[in-house]
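Everything on this sheet refers to the single structure shown next.
2 protein chains.
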Amino acid sequence: MPTIKDVALKAGVSVTTVSRVLNNRGYLSEELKVKVYGAMEELNYRPNELARSLSRSKSNIIGLIIPHVSHPFFGELAGHIEDHAYRNGYKLLLCNSQLDKSKEMDHIDMLRASRVDGIIMGSHTLEVEAYHQIHLPVVTFDRKLSDNIPYICSDNYHGGALATTLLIDKGCRKLAHIGGHPHLNVLSLERHRAFKDIAEQRGVWHTSLHTDINGFNFQEYGRLLEQLFREHPDVDGIFASSDIIAAFALKACQEIERRVPEDIKIIGYDGISLRSLMMPSITTIRQPIEEIGKLAVDLILEQVEGNPVAMEHVLPVELEVGGTT
Amino acid sequence: MPTIKDVALKAGVSVTTVSRVLNNRGYLSEELKVKVYGAMEELNYRPNELARSLSRSKSNIIGLIIPHVSHPFFGELAGHIEDHAYRNGYKLLLCNSQLDKSKEMDHIDMLRASRVDGIIMGSHTLEVEAYHQIHLPVVTFDRKLSDNIPYICSDNYHGGALATTLLIDKGCRKLAHIGGHPHLNVLSLERHRAFKDIAEQRGVWHTSLHTDINGFNFQEYGRLLEQLFREHPDVDGIFASSDIIAAFALKACQEIERRVPEDIKIIGYDGISLRSLMMPSITTIRQPIEEIGKLAVDLILEQVEGNPVAMEHVLPVELEVGGTT
DNA sequence: TTGTAAGCGTTATCAA
DNA sequence: TTGATAACGCTTACAA
């Protein structure tokens with residue numbers, strides 16, 4: 001591959017000048033530009049980003065750590081993040097922690113070693129301390145780490161309240177919540193708190209199930225639902241903490257021939273686009289996934305540029321009525 | 326951040342020695358190792374991968390270009406690719422082309438400028454020539470570019486034949502195929518060819534619909550199905566070129582109250598894990614997604630190491646019977 | 001066994 | 001306005 005030296009040689013100027021043209025710094029005559037650009041064209045020259053990054057101490061790379069890209073919610077989120085990063089001249093280094101502590105630690109290490117300009121953390125298997133050691137612009141999704149690391153989340157409590165209220169208003173009298181493990185330090189647990197609060201306020205019977213600490217295991221969802229219907233065959237309302245869990249619930253109901261929404265109502269959370277693929281389409285609490293992705297990138301960029309950023313970003317949710325309620 | 330110099334200073338040796346310890350080159354006394362590792366530990370030193378990459382002319386980064394990570398098939402594929410890359414000490418730079426020519430071109434350019442060690446191409450909006458200019462290890466998924474760029478695909482023709490045969494054997498007499506745009510240069514079009522061949526061989530009526538050239542638009546799938554049922558209300562078998570399309574077909578049937586599989590049978594393609602979430606779960610032709618991902622990474626690595634690789638990699642598909650047939 | 005010094009391809013400082 | 005030259009942090013001949 002041709003280097004800046006080759007371009008300089010061909011254009012009959014110094015590398016400094018080529019660099020200046022490349023970065024549009026200082027005064028540059030039209031004639032000079034034409035000459036240099038011409039040489040670049042001829043050589044099919046592309047500046048080496050590795051060298052640039054090293055020299056400037058800035059890689060223009062953002063690291064993203066999430067549990068699984070293959071999970072529809074994170075897949076959509078990652079898509080928007082990449083898109084927004086791209087529009088801002090940034091690249092995306094993708095890491096799947098698979099909710100494995102050592103993998104997540106490795107990934108953080110690797111991203112630091114790669115001198116990424118910032119890290120978007122969507123996986124949270126480690127203790128707060130581990131994230132404090134990062135010493136890089138960080139933004140967290142769905143977890144508050146400390147007072148000086150910005151975080152983004154949807155309005156989990158409100159979403160949980162909306163969902164629970166809807167079920168009760170629609171006549172459900174025996175509610176179940178299925179969500180993530182309570183020991184995970186994530187803000188989405190607020191959904192569960194809201195569920196309990198509202199159910200108690202309204203005096204409605206309720207129970208709660210949760211996944212293993214290594215959530216996102218599709219097989220497990222099936223087992224949980226089986227357990228639910230075994231122990232409480234008369235549940236008539238399910239608030240699932242994700243649309244995927246809700247879809248499993250829907251399927252489980254249909255398999256035991258309980259009509260949805262007549263016999264039992266289901267509401268999910270997230271608002272993944274696949275929810276409308278189910279039959280009936282799943283009622284859900286929609287998080288603004290695209291906005292979350294954009295904001296995450298923006299918060300990294302602001303920090304990179306040394307600008308102050310707000311620490312708390314609670315984005316509004318919206319009830320999206322489908323056919324399961 | 327501490328550099329190799331700081332480590333050298335603290336350990337009381339030269340940078341060369343530190344580098345040697347770092348890379349485990351040559352003879353190193355236990356005592357020395359302890360000393361150097363100790364210094365690294367104390368300083369919380371991590372070698373700067375940018376500098377290493379520049380120096381070695383090797384970034385240990387693989388670029389991946391796909392249409393959308395948010396599409397379940399590509400999401401799963403990307404997950405496996407990242408995982409396998411990680412196990413081999415490689416990082417993944419993710420690019421979503423969104424089937425936009427200029428975006429795809431930009432991404433290729435960017436990956437080259439970033440000196441990635443190789444590119445896995447899963448998006449194919451450009452002409453063959455564009456890919457030839459890459460001059461880097463490349464492996465293609467589902468498209469044959471030339472005789473010297475390795476490609477991976479599932480046994481599309483066989484899969485298409487299996488699917489069509491199943492529908493006919495199960496008694497369907499009026500078949501429809503829904504797939505990607507015929508002008509896209511992708512091997513998955515073989516599924517359609519097989520569909521037509523088999524239907525004709527068996528003397529069964531058949532028709533074909535296809536998406537826009539910018540496929541993967543979920544809204545469009547709905548329109549296509551509406552069109553299908555309007556023009557051919559008596560179709561009794563649908564071969565969809567992806568599980569997502571199949572899911573849309575299933576939903577469309579249920580909405581117009583045609584029973585699946587009694588009145589109309591549906592079979593998809595891909596074998597995404599979400600297919601089992603549908604009710605009934607979707608019968609499909611399963612591609613070995615994990616294997617495809619691994620192989621893609623391996624083919625890049627082999628090329629990076631200068632080893633010869635086979636050009637054609639047709640992976641077997643498998644009929645996965647669900648409830649829609 | 002260890003160290004000096006050149007090089008990887010840029011950018012940035014400072015003269016001219 | 002342009003050009004040497006020294007960084008950036010690491011690897012690697014080549015010496016010692």
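In the order they appear, the protein sequences are chains A and B. Residue numbers for the first sequence follow this note's numbering, beginning at 1 and rising by one. Residue numbers for the second sequence follow this note's numbering, beginning at 326 and rising by one. Note that the Cβ used here is the ideal one computed from N, Cα and C, for glycine as well. Being a predicted model, the structure only gives us computed values, none of them experimental.
Listed along chain A are 93, 110 and 114, each with a C-beta nearer than 7 Å to that of residue 416 of chain B. If you look at residue 269 of chain A, you'll find it in the beta strand (DSSP E) that goes 265 to 270. Within the segment 57 to 90 of chain A, the residues whose Cβ lies closer than 7 Å to some Cβ of chain B are 59, 68, 69, 70, 72, 75, 76, 78, 79, 82 and 83, listed in chain order. Residue contact with chain A for residue 602 of chain B: present (Cβ-Cβ distance below 8 Å to some residue of chain A). The beta carbons of residue 287 of chain A and residue 315 of chain A sit about 7 Å from each other, so the pair counts as a contact at 8 Å. Of the residues A/184, A/115 and A/274, the one whose Cα lies closest to the Cα of residue 373 of chain B is A/115.
Taken in chain order, the whole beta strand (DSSP E) runs of length 3 or more contained in the segment 23 to 67 of chain A are 61 to 66.
Here residue 478 of chain B is bridged, per DSSP, to B/639. Here residue 417 of chain B carries a strand assignment [DSSP, helix/strand/coil].
Annotation: the continuous beta strand (DSSP E) that includes residue 533 of chain B extends over 530 to 535.
It is roughly 17 Å from the alpha-carbon of residue 279 of chain A to the alpha-carbon of residue 270 of chain A. In summary, residue 427 of chain B is exposed, with fewer than 16 beta-carbon neighbours lying within 10 Å of its beta-carbon over all protein chains present.
With 16 or more other CB atoms across the displayed protein chains lying within 10 angstroms of its CB, residue 395 of chain B is buried.
DSSP places residue 229 of chain A within a helical segment (H, G or I) once states are collapsed to three. Exposure of residue 16 of chain A is indicated by the presence of fewer than 16 other C-beta atoms within 10 angstroms of its C-beta. Residue pairing for residue 604 of chain B: DSSP places it in no beta bridge. A direct Cα-to-Cα measurement between residue 520 of chain B and residue 486 of chain B gives close to 6 Å. The residue from A/6, A/245, A/230 and A/236 with its alpha-carbon nearest to that of residue 210 of chain A is A/245. Across the structure, residue 600 of chain B and residue 593 of chain B are spaced so that their CA atoms are roughly 9 Å apart. Between the segment 381 to 393 of chain B and the segment 432 to 446 of chain B, the count of C-beta pairs closer than 8 Å reaches three or more; the two stretches touch.
In the displayed model, residue 645 of chain B falls within a strand according to three-state DSSP.
In the structure shown, residue 173 of chain A adopts coil according to DSSP, grouped into three states. Bridge pairing for residue 503 of chain B: B/534 and B/565 [DSSP]. From the beta-carbon of residue 47 of chain A, the residues of chain B found nearer than 8 Å are 438.
Boundaries of the beta strand (DSSP E) around residue 444 of chain B: 443 to 446. Residue environment for residue 511 of chain B: buried (at least 16 other C-beta atoms within 10 angstroms of its C-beta). Residue environment for residue 29 of chain A: exposed (fewer than 16 other C-beta atoms within 10 angstroms of its C-beta). In terms of Cβ geometry, residue 67 of chain A and residue 309 of chain A do not form a close pair [threshold 8 Å]. Within chain A, no residue has its CB atom less than 8 Å from the CB of residue 612 of chain B, the nearest being about 14 Å off. The three-state reading of DSSP puts residue 541 of chain B in coil, since its state is none of H, G, I, E or B. Near chain A, meaning a CB-to-CB distance below 7 Å, the residues of the segment 576 to 597 of chain B are 576 and 579. DSSP, reduced to helix, strand and coil, places residue 611 of chain B within a strand of the structure shown. Chain order gives the chain A residues near residue 543 of chain B as 273, where near means a beta carbon separation below 7 Å.
Classified as exposed, residue 27 of chain A has fewer than 16 neighbouring CB atoms from the shown chains inside 10 Å of its CB. For residue 621 of chain B, not one C-beta of chain A is nearer than 8 Å to its own C-beta. Interface with chain B (8 Å Cβ-Cβ cutoff): residue 229 of chain A is excluded.
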